[in-house]
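Single-structure report; data block below.
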Amino acid sequence: MDTAQNTEAIQEPAIIDKPQLEESNAKQKRTDLFEKFPLLKKIVKLRSFQFALILPNLAVFYLIIIAGLIGTPVGNKNIAIVFIWILWWFLLIAIMVPFASRIWCTVCPLPFFGDWAQRLSFIKVRPGKTGTIKNKLYGLNIKWPKLLTNIWMQNIGFLTLCTFSALLVTRPIVTAGVLGGLLILGTVLALFYRLRSFCSYVCPVSGFLSLYSMTSTMELRSKDTDECLKCKSKACRVGNEDGWGCPWFIYMGKLERNNYCGLCMECVKSCPNDNIALNLRPFASETKIKGYDEAWKGFIMLALAMAYSVILLGTDGTIKDWANVSETSMWGGFAIYTLILWSAALVIVPAIFYGLSILTHRISGSTHIPVKKIFLAYSYVLVPLGLIAWIAFSIPLIFVNGSYIISVISDPLGWGWDLFGTAGFHWQPLIPEYLPLIQIPLLLTGLYYALNRGYTIGLELFNDPNAALKGLIPIGIFSSGVTFAFMSFFIG
Amino acid sequence: MDNTYKTIFCSECNKNIAIEELENGTIIIHCPRCTGECVTCDCHIVSECFSDSPNVKVIHDDSDESNNATGKKL
Numbered sequence: 001m002d003t004a005q006n007t008e009a010i011q012e013p014a015i016i017d018k019p020q021l022e023e024s025n026a027k028q029k030r031t032d033l034f035e036k037f038p039l040l041k042k043i044v045k046l047r048s049f050q051f052a053l054i055l056p057n058l059a060v061f062y063l064i065i066i067a068g069l070i071g072t073p074v075g076n077k078n079i080a081i082v083f084i085w086i087l088w089w090f091l092l093i094a095i096m097v098p099f100a101s102r103i104w105c106t107v108c109p110l111p112f113f114g115d116w117a118q119r120l121s122f123i124k125v126r127p128g129k130t131g132t133i134k135n136k137l138y139g140l141n142i143k144w145p146k147l148l149t150n151i152w153m154q155n156i157g158f159l160t161l162c163t164f165s166a167l168l169v170t171r172p173i174v175t176a177g178v179l180g181g182l183l184i185l186g187t188v189l190a191l192f193y194r195l196r197s198f199c200s201y202v203c204p205v206s207g208f209l210s211l212y213s214m215t216s217t218m219e220l221r222s223k224d225t226d227e228c229l230k231c232k233s234k235a236c237r238v239g240n241e242d243g244w245g246c247p248w249f250i251y252m253g254k255l256e257r258n259n260y261c262g263l264c265m266e267c268v269k270s271c272p273n274d275n276i277a278l279n280l281r282p283f284a285s286e287t288k289i290k291g292y293d294e295a296w297k298g299f300i301m302l303a304l305a306m307a308y309s310v311i312l313l314g315t316d317g318t319i320k321d322w323a324n325v326s327e328t329s330m331w332g333g334f335a336i337y338t339l340i341l342w343s344a345a346l347v348i349v350p351a352i353f354y355g356l357s358i359l360t361h362r363i364s365g366s367t368h369i370p371v372k373k374i375f376l377a378y379s380y381v382l383v384p385l386g387l388i389a390w391i392a393f394s395i396p397l398i399f400v401n402g403s404y405i406i407s408v409i410s411d412p413l414g415w416g417w418d419l420f421g422t423a424g425f426h427w428q429p430l431i432p433e434y435l436p437l438i439q440i441p442l443l444l445t446g447l448y449y450a451l452n453r454g455y456t457i458g459l460e461l462f463n464d465p466n467a468a469l470k471g472l473i474p475i476g477i478f479s480s481g482v483t484f485a486f487m488s489f490f491i492g
Numbered sequence: 493m494d495n496t497y498k499t500i501f502c503s504e505c506n507k508n509i510a511i512e513e514l515e516n517g518t519i520i521i522h523c524p525r526c527t528g529e530c531v532t533c534d535c536h537i538v539s540e541c542f543s544d545s546p547n548v549k550v551i552h553d554d555s556d557e558s559n560n561a562t563g564k565k566l
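Chains A and B, in that order, are what the protein sequence lines are.
For the first sequence, the residue numbers in this note's numbering are 1 to 492.
For the second sequence, the residue numbers in this note's numbering are 493 to 566.
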């Protein structure tokens, strides 16, 4: 392993594109959890760390699929629906993503068999050579098609799942089918394509995790990028005898964002310079949207949050009937609902945002900045806004329906069991009349971060506080409108 | 000043980009656009980065602009 300094003529190259404003400011506000809690680092460095977390999760996952396939079709009596669409979803969107980035990916069971097929090992590392990776890997190790090296597949996949959400979140067998299908797909893709191609390019959950993890208060980064420049092995990326090469194709020496780091912690093990930190940082520290696929993810998530608020919380049951096509057989209505959903997510919301970008372009006075650049940069505003809107939307899930978790633990298949004596626990919504008191401050917090980060983005774009302030007006009005629209849905 | 270093030519940037040879035989391209996210890297020479590339060439440059795309003398 490399620890030697480079004594040759090649010196450390400077980087013209220094990390942007938010990175340099935010670097001052990092707390390395590995330094604060050395035991945590010791645990993470264990080769058995990830396996020990995934295995019980895999067992629960297996139970959920079985329950979905053979358990009761009544949603609130089946662990598949209750655990996935009430418990897991709430924990994911309200706790894991905002506070621990892509920590779900650390324990996700979907790539388990694919990883095993590639590594032929649950714990041990195999040094060797497979393509660019300095580990012995099995499978065909084909590079993912360049045209698809983005999150568009994930965008469309997620939108497709959400179109059928009325079935997905109420029919245990549909949930089991989707989860089982993703497990099989992840395994098959791992046999053909290299590393975590499924996670990086296909998994619909990964898609929104990648965008919303930008807000997270946790990050995994190199402690000192100069150490990374000097490192002659780049083992974080290519692996060595201590750790697998990054399954997410991340080079820690340059990593600036959470988007594509699945927190597998292999780099913590493989880094020859002990140069990886697990940092706490301020909420919404990253603001750089790199491509239109990411921007569109923001539009899709926001449009879906609004759509679900209308469908599930609105007074008109017609759209709900259209969405629930397997019960109502209103296929014409379902087609209209699908058209509205997809056009809102892919066309209408982006078009509105583009119009706002044009206004920003004019109002800011910085007409030398292309509109497309403004559009892309400001699309980040929808990230904290959208995430917190989703959290606010999900609050009733756990407060109103959380009591089902208690009963379903004792009777996971809805067969009349009573394993732990809680099967008879009745449905008890928790403080439903006070939920708006939680949702409204949340939404206002989302609006605050949207406006605050929007101003920061403006400063970076225009280099002028006045222009940044003026430029924020159109998007600020839009964000405020969206926030108050959500409030009206939630308050009624 | 005499500077000799290894590069790889990027037809998108139309210039020679400095590379670094790692001890394990791979090369890494010091592209100023690099963000460490190889998963979605759209760099023209992404297939060369972290590879065992035969396309490396050594250039000898006496000019003041021996800075490559990274902007510093190597």
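Note that CB positions come from ideal geometry on N, CA and C, so glycine has one too.
Check, Outcome
"Rounded Cβ spacing between Leu-472 (chain A) and Gly-446 (chain A) (contact assumed at less than 8 Å)", "Incorrect: roughly 16 Å between the Cβ atoms, too far for contact."
"Where the stretch 211 to 239 of chain A meets chain B: residues whose CB sits under 7 Å from a CB there", "Lys-232, Ser-233, Lys-234, Arg-237 and Val-238"
"Contact list for Thr-518 (chain B) against chain A, beta-carbon separation under 7 Å", "Thr-132 and Val-238"
"Contact set between the stretch 497 to 508 of chain B and chain A, restricted to residues whose Cβ is under 7 Å from the partner", "Tyr-497"
"Ile-391 (chain A) - containing alpha helix (DSSP H), residue span", "382 to 401"
"Residue environment, Phe-37 (chain A), which counts as buried when at least 16 other CB atoms sit within 10 Å", "exposed"
"Residue closest to Leu-442 (chain A), alpha-carbon to alpha-carbon, out of A:Thr-483, A:Asn-463 and A:Val-74", "A:Thr-483"
"Length-filtered (4 minimum) alpha helix (DSSP H) runs lying within the stretch 146 to 200 of chain A", "152 to 163, 165 to 168 and 172 to 192"
"Residues within the stretch 143 to 163 of chain A neighbouring chain B, beta-carbon criterion of under 9 Å", "Lys-143, Trp-144, Lys-146, Thr-149, Asn-150 and Ile-151"
"Under the three-state DSSP convention, the category Leu-263 (chain A) falls into", "coil"
"Spatial neighbours of Cys-228 (chain A) in its chain, beta-carbon cut-off 6 Å, leaving aside the 5 residues before and after", "Ser-222 and Gly-253"
"Nearest-angstrom Cα separation, counted from Asn-150 (chain A) out to Lys-290 (chain A)", "10 Å"
"Proximal residues of chain B, C-beta to C-beta of Asn-141 (chain A) below 7 Å", "Per Cβ cutoff of 7 Å: no residues; Asn-141 (chain A) is ~13 Å from chain B at best."
"Contacting positions in the stretch 530 to 551 of chain B - beta carbon closer than 9 Å to chain A", "Cys-530, Val-531, Thr-532, Cys-533, Asp-534, Val-538, Ser-539, Cys-541, Phe-542, Ser-543 and Asp-544"
"Within-8 Å CB hit, Glu-266 (chain A) to chain B", "no"
"Buried or exposed by the 16-neighbour rule on C-beta atoms within 10 Å, applied to Ala-166 (chain A)", "buried"
"Opening and closing residue of the alpha helix (DSSP H) in which Pro-38 (chain A) lies", "38 to 45"
"Where Ala-510 (chain B) falls: helix, strand or coil (DSSP)", "strand"
"Span separating the alpha-carbon of Asn-57 (chain A) from that of Lys-372 (chain A)", "43 Å"
"Below-8 Å beta-carbon distance, Trp-244 (chain A) vs any chain B residue", "no"
"Amino acids of chain B, ordered along the chain, whose beta-carbon sits closer than 9 Å to that of Glu-286 (chain A)", "Within 9 Å Cβ-Cβ: nothing; Glu-286 (chain A) doesn't reach chain B, min ~11 Å."
"Any chain B beta carbon closer than 8 Å to Trp-494 (chain A)", "As shown, chain A starts at 1 and ends at 492. That puts residue 494 (chain A) outside it, with no answer to give."
"Local conformation of Lys-499 (chain A) per DSSP, three classes", "Here chain A covers residues 1 to 492 and nothing more, so residue 499 (chain A) does not appear."
"8 Å Cβ cutoff, Leu-278 (chain A) in contact with chain B", "no"
"Cys-231 (chain A) - DSSP class collapsed to helix/strand/coil", "coil"
"Nearest candidate by alpha-carbon position, reference Val-408 (chain A), set A:Val-44, A:Val-174, A:Asn-76 and A:Leu-63", "A:Asn-76"
"Residue interval of the alpha helix (DSSP H) (run including Met-252 (chain A))", "No alpha helix (DSSP H) holds Met-252 (chain A); DSSP gives it neither H nor E."
"CB-CB length for Ser-309 (chain A) against Tyr-260 (chain A), believed under 8 Å", "With 8 Å as the limit, Ser-309 (chain A) and Tyr-260 (chain A) do not qualify as a contact, their Cβ atoms being about 29 Å apart."
"CB contact below 8 Å: Phe-249 (chain A) versus chain B", "yes"
"Whole-number beta carbon distance between Thr-175 (chain A) and Ala-80 (chain A), since they are thought to touch under 8 Å", "5 Å"
"Bridge partner(s) assigned by DSSP for Met-218 (chain A)", "A:Leu-280"
"Other residues of its chain near Ser-379 (chain A): CB distance less than 8 Å, five sequence neighbours each side excluded", "Ile-289, Glu-294, Ala-295, Gly-298, Phe-299 and Phe-353"
"Segment limits, beta strand (DSSP E) that includes Ile-65 (chain A)", "Ile-65 (chain A) -> not in any beta strand (DSSP E); alpha helix (DSSP H) instead, spanning 49 to 70."
"Bridge-paired residues (DSSP) for Thr-31 (chain A)", "A:Leu-280"
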